[in-house]
Structures are given as structure tokens and as C-alpha cells.
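Residue numbers (this note's numbering), protein chains in the order written: chain B, 10 to 500; chain Z, 11 to 146.
The beta-carbon is built from N, C-alpha and C at its ideal position, and this holds for glycine as well.
Report on the following structure.
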């Protein structure tokens, strides 16, 4: 072959290659929409995603950071939304990045690393997404089991000397608590491999970790007790008709309570997990009450349709169960979190904190409004599973804007609320209470993202005067990806 | 006539012995422990229940090759698994999800379950063929 022919051949080859680009190089509607809409939706810049494998920096402090707070605030959230020019279609789809805010002697350092799940490692090597996500139907490589698609993107939970990055559809992923390096999938027993282990375990003051998992297609609710030494204490499985996605639960001295939203499951080829969940407002929201000691179903109670992600805490007194939950009228928030990936934010029904009273003997459910426009409820670690008064939540002043904008402390007994509004320039993330050394009250610690400066900040409040604003702020010189949930490990 | 009938008999015999070789390449093995099992099915009602043929080879990282010799030309489905702990079965968890690597011909995938016989069908011509199954 002459050199000239060879070059012609090469050119011809390049030409035909350009006519037949692989799908992932073609224009991506979600990505194009996002980039186009971003200038008019500055809050959504928080969902750009992180292009580097890790982040680290030292925060600059304003105010006086309480010297008694010493330890690491671990957080987790989806942070890789794009690969090979393709953008995920839902916030919940992204790969998990675990953050560590190390606090010592009034100094605050931040580091973050992607969890090296099987999915993250294989897709990074391939340069494109391979597997189905929560709401994006991708099937370039077949799936072995739930852990093939485990993004480990929802919570970071220290327990019994280990640190777990949690998702809700598969195993816990173990990380090195010091370096955040991924150690791998944690399997408590061979026959429990790859089973759903939710991102919202509850750790009672005795150190026992309670958790659950749902297998909606099979109507199976899985129940886990991990003892204080980190070993498997008990596993159970109960059948719940028309089980759908369940994100959170509460534990009391005698019970575990799950709120099952009224989704009808429709299994169709090429339907994502989210698409299989079809809202049916004619069906009730069900409270499934499970006996904590033997993992049997105690009773299922019904209340009007509603969507629930998060519950704060609860307690039982005889046949009466009381707990708080953030309940919205329908699943529009879940749907609107698709729009945000295209740079659009549509109306979503607001979640309100309510205190529910279940009468287990009569089968009745009562509901009292605590505060409107709330999310991310948390209580002091010493209160988990028992009587509590203080409930900490994030608040939203507008349903027209993405993200929360304030924090509140609700007195569950009196209904009195103390709150602080960061302002419309902020996206406020979950805030968690930490006990004061004096044992009188709590510090409230949480992350907020400044929309215009595109910087992330850790703030600390005194629970006695939340409305006065943070007593100290630790501001990073960069934006850290938004997280969902986290927990503090005292040094 | 006698010649013809002999000729016909020869034809019939050659039909009977007509057999093709199916080379199976199983790719994506992560470790050398255990064995790789291949099952061959020729009827939908037997799929994942009663294989017509099976073959086994020791695992090695990367790809292993197996020969299914002497198959009548036709359509077949394959299921494959890597028995990493050498207990002779594909391990599953409590709700029936496989926890050891497995795969099907055509790399067929089901919708929250195994693929169908039809999705997994591959044609084995008289001259034989090679099929690659990627473990998932």
C-alpha cells in the first residue's frame, strides 16, 4: 500500500467513525439542559459534581470555635454525576464521596474521597457509565447483584471502630476512618451478602446498631441488629404486601416503625428503579410496626397518603407509639430532583414535621403539626429510641427554590421553635446535635453552601440560642459537593 | 436399487454422527480459586433446570476455555458460573441473588432476574462455533 492510499484510508475511516459516534459521545440532553439553565439557576451549581478524586483544605474560622468539640464529622453524598459526556438524570444517581471534617483545638480541616465501589472503579476504567442508576437506565454491562450498582452515596456511619459508607439497596462499604480509603464491601454473614442495608441505621445508647433493608419486588423487609462490638446480633425477614422504597425508620424500646409510602410497583423492561415506583395517592401511607426483640410484625396501621423520606425519633409508652416524621402530600420532591439535573427546578410539595401517635391497641393514628417546611430531622445520640424533647431540622422558606435555607430546634412537648435562617444565598445541609461537655444541651453542627461565593462552610450553633446564628463558622476556600447525611465521631 | 439404498443408509448415518464443536470462552475471572461450570440447554422447559450437557474447568484469572464437543447443529443456551469456593453450586444470598460470578450466552440479562432461554440462544452450525460469555 502506498503511503498516500494509507492516508486516504485513514481519512475515510475517520469520516465513517464521525458518522457513527458511540452513544455516549452524542449530545446529552440532561447535560446540555444543565449547562444552558445554570446561569439562571445559580443554586443548581451545587450539583455540578466533583471532577477530582479527592478534596482537601483548611477552613478559615470566624467566631470562636468551641475547643471542647474534638473529633471527625463524616458526611456522604453523591458527587460524580457525569462521565464520558453523559450526565445522570437524578441527584440520587451519583457516586458517593465521603467527607471528613476534622475538628481539633478550634481548627477545622476538610478532606473528601470518592468511595471506590466496584461500580466506581469499573466505570472510571471504562471512561463511561456502565450500570443502571436509581433513575437513569444504563445497561452497558450486565449486573450480578445489588452490589454491582451500589453507589455508597447516602450516609457515613461510624460504628464499633469501623466507618461505613451506606447506600440503601446493597451492602455497607467499609472505609478507613483515618484516610477514607475504601476497604471494601462488609458482609456480616455469607448468606447475607449483597442484601439491602439501609443508609439510616439507628444506634441506641447501648451501642447497638439497628437497621433494615427493602426488596420491593419481593415484598421483603429485612431487619438487622448489629451489636455494640460490630458483630451480627440478629437478622430477620418479614413479608409486607405492596412494599415500596422505604428510606428511613425509627426504633423505640420495643418496636421498629417503618412508613411505607403508597407506590404501585410497575416492572417494565428499561424502567429505572424510580420509574417502577408509580405514586398512587388513593392508597394509604402505612406504618409497619415490628417487634424489636424477635423481628415479627406487630401491626400495620393506615393513614392518609403521604410521602416520607425521613423520621427523627420515637418512643413507646404501653400501647402508644409516638414519633416524628417529615411528611409531604405526594412524591413531587422525588420527581423534582430529576429536573435539577437538567438545571430546572419545578414546584415540589413541601414536607412538614409532624408528631404521630399510634395507638397499637385500637389501630388509630393521630397527627400533630410541629413545623412546616422541614427536612433532615435529627436528635441527640443519647435520645435515640427513647423519650425526647429536642428535635433538630433544616427548614425551607420557599418551595420555589432548590435546597433548604435554615435550621430549627423544635420542642416536641411544647411545640415551641427556635430557628435561624441562613438566607436565600445559602443551601443548608443536615445539621446534627453534639452533646456539650457540660452535659447541658447540645452544639448543633452542620454544613451550608454559599451560592454566590461557591464555598462550603461548617457552622456550629449553641442550642440555647439558635436564632442568634452560629457561634463560629469554618469556611473552605472551595465548594464541596452537597451531602445527604453524616455523623460525628468524638476523638 | 441396492446401490441407492446403501447410499441412503450412508447419508442417514452421516446425519446421525453429524456433530459440531462448541468452544466456550468464559471471560472476566477475577481469581484462580475454584472451578468454572458451563451448562448447555436445548429446550426452554429445561432452561436453568436440566442441562443436556455440562463441562467444568479449573479457574484461572482472566479467561478460561472449554470444549463442548459433538453437539448436533442447532440452537442452544448456556449458563456459566465461577464456583469460587468450590462447593459445587452457584451461591446465592437469602433472597436468591447470586453472589458468585455468573453469565449467560449472548451476555443476556433479565429484568431483575435471569434472562429467558430465547434471549440466551446461540446458533451452533455444522462447522462449530466459539461463544464468549462474560462473567458478571
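Which one of the options has the shortest CA to CA distance from residue i?
i: residue 225 (chain B); options: B:191, B:210, B:177, B:49; result: B:177
i: residue 49 (chain B); options: B:461, B:473, B:489, B:233; result: B:461
i: residue 143 (chain Z); options: Z:34, Z:44, Z:49, Z:69; result: Z:34
i: residue 130 (chain Z); options: Z:138, Z:53, Z:46; result: Z:53
i: residue 111 (chain Z); options: Z:38, Z:67, Z:63; result: Z:38
i: residue 59 (chain B); options: B:491, B:271, B:500; result: B:491
i: residue 386 (chain B); options: B:323, B:355, B:240, B:222; result: B:323
i: residue 103 (chain B); options: B:123, B:114, B:116; result: B:123
i: residue 400 (chain B); options: B:358, B:375, B:451, B:430; result: B:451
i: residue 394 (chain B); options: B:217, B:411, B:378; result: B:217
i: residue 10 (chain Z); options: B:362, B:222, B:63, B:236; result: In the structure as shown, chain Z begins at 11 and stops at 146. Residue 10 (chain Z) is therefore absent and cannot be evaluated.
i: residue 361 (chain B); options: B:337, B:165, B:498, B:147; result: B:337
i: residue 454 (chain B); options: B:181, B:63, B:415, B:487; result: B:415
What residue range is occupied by the uninterrupted alpha helix (DSSP H) comprising residue i?
i: residue 342 (chain B); result: 341 to 348
i: residue 372 (chain B); result: Per DSSP, residue 372 (chain B) belongs to no alpha helix (DSSP H) and is neither H nor E.
i: residue 127 (chain B); result: 127 to 135
Residue i by DSSP, collapsed to three states: which one?
i: residue 399 (chain B); result: strand
i: residue 37 (chain Z); result: strand
i: residue 491 (chain B); result: coil
i: residue 55 (chain Z); result: helix
i: residue 243 (chain B); result: strand
i: residue 197 (chain B); result: coil
i: residue 532 (chain B); result: The structure shown does not extend to residue 532 (chain B), since chain B is modelled only from 10 to 500, so the question has no answer here.
i: residue 33 (chain B); result: Caution applies to residue 33 (chain B), whose pLDDT of 47 falls short of 50 and renders its modelled position unreliable; the value that the coordinates give is listed next. Reduced to three states, the DSSP call for residue 33 (chain B) is helix.
i: residue 227 (chain B); result: helix
i: residue 142 (chain Z); result: strand
i: residue 391 (chain B); result: helix
i: residue 561 (chain B); result: For residue 561 (chain B) there is no data in the structure shown, the boundaries of chain B being 10 and 500.
i: residue 136 (chain Z); result: coil
i: residue 476 (chain B); result: helix
i: residue 155 (chain B); result: helix
i: residue 180 (chain B); result: coil
i: residue 359 (chain B); result: coil
i: residue 20 (chain Z); result: Because the pLDDT of residue 20 (chain Z) is 45, which lies under 50, any placement of that residue in the model is unreliable, and the question is left without a value.
i: residue 407 (chain B); result: coil
i: residue 89 (chain Z); result: strand
i: residue 53 (chain B); result: helix
i: residue 73 (chain B); result: coil
i: residue 351 (chain B); result: helix
i: residue 300 (chain B); result: strand
For residue i, report the span of its beta strand (DSSP E) as first-last.
i: residue 44 (chain B); result: No beta strand (DSSP E) contains residue 44 (chain B), which is instead part of the alpha helix (DSSP H) from 38 to 46.
i: residue 386 (chain B); result: 383 to 387
i: residue 291 (chain B); result: Careful: residue 291 (chain B) lies outside any beta strand (DSSP E) and carries neither H nor E.
i: residue 83 (chain B); result: 80 to 89
i: residue 220 (chain B); result: 218 to 224
i: residue 466 (chain B); result: 464 to 471
i: residue 309 (chain B); result: 306 to 312
i: residue 484 (chain B); result: 481 to 484
i: residue 81 (chain Z); result: 72 to 81
i: residue 105 (chain B); result: 104 to 113
i: residue 116 (chain B); result: 116 to 123
i: residue 167 (chain B); result: 164 to 168
i: residue 99 (chain B); result: No beta strand (DSSP E) holds residue 99 (chain B); DSSP gives it neither H nor E.
i: residue 171 (chain B); result: 171 to 175
i: residue 264 (chain B); result: 264 to 269
i: residue 66 (chain Z); result: 63 to 68
i: residue 274 (chain B); result: 272 to 274
For residue i, which residues in chain Z fall below 7 Å Cβ to Cβ?
i: residue 204 (chain B); result: 103, 104, 105
i: residue 506 (chain B); result: Lying outside 10 to 500, the shown extent of chain B, residue 506 (chain B) is not represented and no answer is given.
i: residue 155 (chain B); result: 107
i: residue 246 (chain B); result: 104
Who are the neighbours of residue i on chain B, taking C-beta pairs under 8 Å?
i: residue 119 (chain Z); result: 148, 151, 152
i: residue 146 (chain Z); result: 150, 151, 152, 153, 157
List, in chain order, every chain Z residue whose beta-carbon is nearer than 8 Å to that of residue i.
i: residue 227 (chain B); result: 105
i: residue 278 (chain B); result: 121
i: residue 224 (chain B); result: 105
Can you name the residues of chain B whose CB is closer than 9 Å to the CB of residue i?
i: residue 111 (chain Z); result: 153
How about residue i: is its C-beta nearer than 8 Å to some C-beta of chain A?
i: residue 402 (chain B); result: Looking at the structure shown, chain A is missing, and the protein chains on hand are B and Z.
Task: Inside the region 413 to 459 of chain B only - beta strand (DSSP E) runs reaching at least 3 residues - done: 415 to 420, 426 to 430, 435 to 444, 451 to 459
Task: 3 or more residues per run - each beta strand (DSSP E) lying fully within the region 98 to 126 of chain Z - done: 112 to 114
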